[in-house]
Each structure stands twice: as structure tokens, then as C-alpha cells.
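This report concerns only the one structure given below.
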Amino acid sequence: MVFMKILVVEDHKSQSDMVIELLRGNGWTFNVVTHLEEALKIETGFDLVLLDLQLVDSDYNETIAAIPKFETSVVVMSSIEVSDIARQACKMGARGMWRKTRDLLEVGGDFVVPPLSGLVETIEGAAGTDERRRARRKKLQALLT
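Following the numbering used here, the numbering of the sequence shown begins with 4 at its first residue and continues without gaps.
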């Protein structure tokens with residue numbers, strides 16, 4: 004398991020709470036912002052950005068256009084099936100996409116989102132292959148020695 008600091012960019016509190024609750028057991032830490040512009044200002048220092056495509060201050064096109072501005076790996080999220088938009092986001096530099104679902108299943112008293120395992124693999128893959136993340140870690144190690 005890789006420790007990561009994740010920035011969640013989601014304008015619906017119930018959705019950001021759900022994502023954090025479902026991913027909390029992986030040993031990751033989270034910060035939440037609700038606006039794209041705010042995320043672009045503070046994303047330095049995070050290992051990954053989970054970015055909702057439809058935000059209060061930007062639509063799909065504006066959000067996708069902003070992906071190359073992030074210095075950190077980005078995984079986009081959406082609550083609707085958007086395969087063409089997902090392809091566009093990946094062409095702009097997103098490392099993957101996760102389709103949020105409103106259909107929570109109750110299993111043994113816990114709520115589970117069916118595609119969650121895909122999100123975990125997408126996050127770990129995005130962080131594990133990010134050249135900038137490795138470079139930052141190398142610089143930090145050099146400073147500490």
C-alpha cells in the first residue's frame with residue numbers, strides 16, 4: 004500500500020464524503036475543495052487529484068481543458084456515463100476515470116459502491132507511474148540526507 008495525500012475536487016459534500024469514507028481504509032489522507040480554481044491554486048504537495056468533471060464553477064469542457072494545468076496526477080470522476088468525455092480527459096493528461104454511482108449497495112451493514120475496486124487500482128496506478136511524484140520524492144530524500 005502506498006501512502007498518498009489526495010486532493011478531492013467535488014462540489015457535492017455527499018459525494019466527497021462517500022469517496023473519502025470508501026477510500027479511508029487505504030491509509031491515504033484527503034483534503035476537499037469545491038471549485039476548480041481553488042484546486043489549481045493548492046494542488047502542489049498532493050500526490051493525486053480526484054477531479055469531478057462537472058463543478059459549480061466549470062462545466063465538462065472547462066474542467067477537461069484545465070487538466071494539463073495540474074502538476075499532480077489527475078483521476079477524473081463523473082456520476083454519468085461519459086465515455087467520449089473520459090477519452091478527452093485522458094488525452095488531456097488524466098490518468099484514468101472513475102464513474103461515481105448513486106446506487107449504493109448495503110452489504111453486511113456497510114455501504115459499498117460497486118466500482119470502488121476500479122478506483123483504488125486507478126489511483127494506485129496513477130500515483131505509481133507519475134514521473135513528477137518520483138522526482139519530488141527524490142528531491143525530498145536528498146534534502147533529508
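Virtual Cβ for every residue (Gly too), placed ideally from N, Cα, C. For clarity, every value in this text was computed on a predicted model and none was experimentally measured.
Measuring only the C-alpha atoms, how far is residue i from residue j?
i, j, result
"I9", "R102", "18 Å"
"A89", "F33", "23 Å"
"D60", "C93", "21 Å"
"S76", "D50", "7 Å"
"A68", "M95", "7 Å"
"A97", "V52", "10 Å"
"E40", "M21", "23 Å"
"Q57", "S86", "15 Å"
"K72", "Q91", "15 Å"
"E65", "H38", "12 Å"
"V36", "H15", "10 Å"
"T47", "M80", "20 Å"
"D62", "G28", "31 Å"
"L43", "V11", "12 Å"
"I2", "I23", "The shown model of the chain, from 4 to 148, leaves out residue 2, and the question about it has no answer."
Run the CB neighbour count on residue i, radius 10 Å, all protein chains shown included, and call it buried at 16 or more, exposed below.
i, result
"G30", "exposed"
"S19", "buried"
"E13", "buried"
"V110", "Since pLDDT at V110 reaches only 43, below the 50 mark, its modelled position is unreliable, and the value read off the structure follows with that caveat. With fewer than 16 other Cβ atoms within 10 Å, it is exposed."
Taking the alpha carbon of residue i as the reference point, which residue from the options has its own alpha carbon closest?
i, options, result
"E74", "V36, S61 and I45", "I45"
"D55", "I23, S82 and E24", "S82"
"V78", "M100, G48, F6 and L26", "M100"
"M7", "L26, I70 and D14", "L26"
Helix, strand or coil for residue i per DSSP?
i, result
"M61", "Residue identity check: residue 61 is Ser in the sequence provided, not Met. Reduced to three states, the DSSP call for S61 is strand."
"M7", "coil"
"M100", "strand"
"S76", "strand"
"S81", "strand"
"T32", "strand"
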